[in-house]
Amino acid sequence: MTTALRVILDDVGGQTRTPLAWYGEEITRALIQTAPDEIGVSAFTAAISSEREARIHELFPGLLDLEHAMLPAREMREAWLHSLTTFPLPGLVHSTSLFAPLRARIDDDSGQMVVTVHGAAAVSDRSTAKDRWFEKAIKRAWKHADGIVVPTYAVANELGEMFDFRGRIRVIAGGVADSLALPDNADERARLMTLPERFAVVMTQQSTQSTGQDLVKLLADAAMPDIPIVVVGPVAWDDETLSAMAVKAGIPPARYWPVGELDDADLAVVLSRASALVHISRNDAFALPVLAAFKLECPVVHIATPSLDEVSNGAAISVSPSPDGDLSRPIAEGLRRVLEESGLAEELVALGSDRVRLYDWRMAAEQIWQFHADL
């Protein structure tokens, strides 16, 4: 192989699978599988442990090479944001996020830099510092990136209102992994997770404490159906925990059912048995949990955003805030509709099954290869 596409991985291989990691894992694997003849795929990360390095090699069979910097991710983000490191990344470079060495082009530099913008708002709410980083990174992408991948036309339009990217934006959606399918031992896995007989699902994020706060508000709402919520993902954020928030709100432990981080097989079991997925994220433009639910024939209730509405396209219950800005009551009422309206759940399952056929990781990877070729 004479040429390599170097993929910059963000959050991939860690103990928790963040939205960035989920996307990064799937698109990198698909890029390796769809690489044109005479082109391979290598990867680059910030400083990582030997265990994480081994995990990345396990995730990506066929990876040509894995390089990593000396700086940890947090320091690397700041260094790249202020051009304080000259770590060479020549040739074709594709970042699965805005984590990239965006800088002014040198005259003899024939390289190519494409970044991925997951949404027009920061994907984390942990601090205003993260928001400021995101804003600066978007501006650097406008100045220096050769191309920008976005998940939806809604995000493309929002970015276009910020800066004139002059045709450098390409809309390339995500997909659903083949591994997200019911395993042969689905009943055994369900017993090990001690799943309730009837439940809805919420997927939380390590980087977004607001998903826990929103879940507690939802459980406390008077309109919330009497159904437990199976919580997939983290239940602790810095010095705050879901259980502590629930105790403060007077919510009994039986109302929520943490199952932790799940592999694709266990996630498939949970979604296939759930009465609904309640997607309470506002900034998830790729909407991978929604697509996963569609594939496993699980009805979806989600917050109305331009990107989520574009992805679901009528195949889910999309709820808008009440006049006072509250979302708990509309979400609770949307879930109640799914549980109680005759035929609604079946209709949503049929629509979701049709909709998810349009989303495929191999197709996304092929579009990325074509984007690099067009540039």
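Numbered by the UniProt record's numbering, the letters in the sequence shown go through residues 1 to 375 in order.
Glycine included, C-beta positions come from ideal geometry on N, C-alpha and C.
Check, Outcome
"Contact set for Ser-42: own chain, Cβ-Cβ below 8 Å, skip 5 residues either direction", "Ala-4, Leu-5, Arg-6, Val-7, Leu-63, Leu-64, Asp-65, Leu-66 and Glu-67"
"Distance CB(Trp-22)-CB(Leu-81) smaller than 8 Å", "no"
"Validate contact between the region 260–278 and the region 189–203 using beta carbons, cut 8 Å, 3 pairs", "yes"
"Opposing strand residues paired with Thr-241 [DSSP bridges]", "Ala-236"
"Helix, strand or coil at Tyr-153 [DSSP, three-state]", "helix"
"For Gln-112 and Leu-375, believed in contact at Cβ under 8 Å, the rounded distance", "6 Å"
"Terminal residues of the alpha helix (DSSP H) in which Ser-275 lies", "Counting along the chain, Ser-275 falls outside any alpha helix (DSSP H), and DSSP gives it neither H nor E."
"Alpha helix (DSSP H) runs contained entirely in the region 145–213, provided each spans 4 or more residues", "153–162 and 186–192"
"Neighbour-count burial assignment, Ala-57, 16 or more Cβ in a 10 Å radius", "The question names Ala, but residue 57 is His in the sequence shown. His-57 is exposed by the Cβ-count criterion."
"Three-state secondary structure assigned by DSSP to Tyr-359", "coil"
"Collapsed DSSP secondary structure at Pro-299 in the structure displayed", "coil"
"Straight-line gap, Gln-33 to Glu-333 (C-alpha atoms, nearest Å)", "43 Å"
"Short Cβ contact (8 Å threshold) for Gly-174 with Phe-44", "no"
"Distance CB(Gly-314)-CB(Leu-351) smaller than 8 Å", "yes"
"Own chain partners of Ser-97 with C-beta closer than 6 Å, once the 5 adjacent residues on each side are dropped", "Asp-10, Leu-20 and Thr-116"
"Pair within 8 Å by beta-carbon distance, Ser-243 and Val-235", "yes"
"Option nearest His-118 by Cα separation, candidates Ala-154, Gln-367 and Asp-146", "Ala-154"
"Distance between beta carbons of His-279 and Val-300, contact taken as under 8 Å", "6 Å"
"Member of Ser-50, Val-356 and Ile-303 whose CA lies at the smallest distance from the CA of Ser-281", "Ile-303"
"Unbroken stretches of the alpha helix (DSSP H), 4 residues or longer, contained in the region 26–90", "50–59 and 73–81"
"Outcome for Glu-26 when other beta-carbon atoms lying within 10 angstroms are tallied against a minimum of 16", "buried"
"Assigned exposure category for Arg-357 - 16 Cβ within 10 Å defines buried", "exposed"
"Integer Cβ distance of Ala-223 from Arg-329, believed to fall under 8 Å", "5 Å"
"Residues near Gly-14 by beta carbon distance below 8 Å, same chain, minus five either side", "Ala-21 and Arg-52"
"With 16 other Cβ atoms within 10 Å as the buried cut-off, status of residue 380", "Outside the displayed range of the chain (1 to 375) lies residue 380, so it cannot be described from this structure."
"Candidates Pro-151, Asn-185, Asp-187 and Asp-184: closest to Arg-170 by CA position", "Pro-151"
"Simplified DSSP assignment, three categories, for Gly-24", "helix"
"Reduced DSSP secondary structure (H/G/I, E/B, other) of Gly-14", "coil"
"Beta carbon of Ala-54 nearer than 8 Å to that of Met-70", "no"
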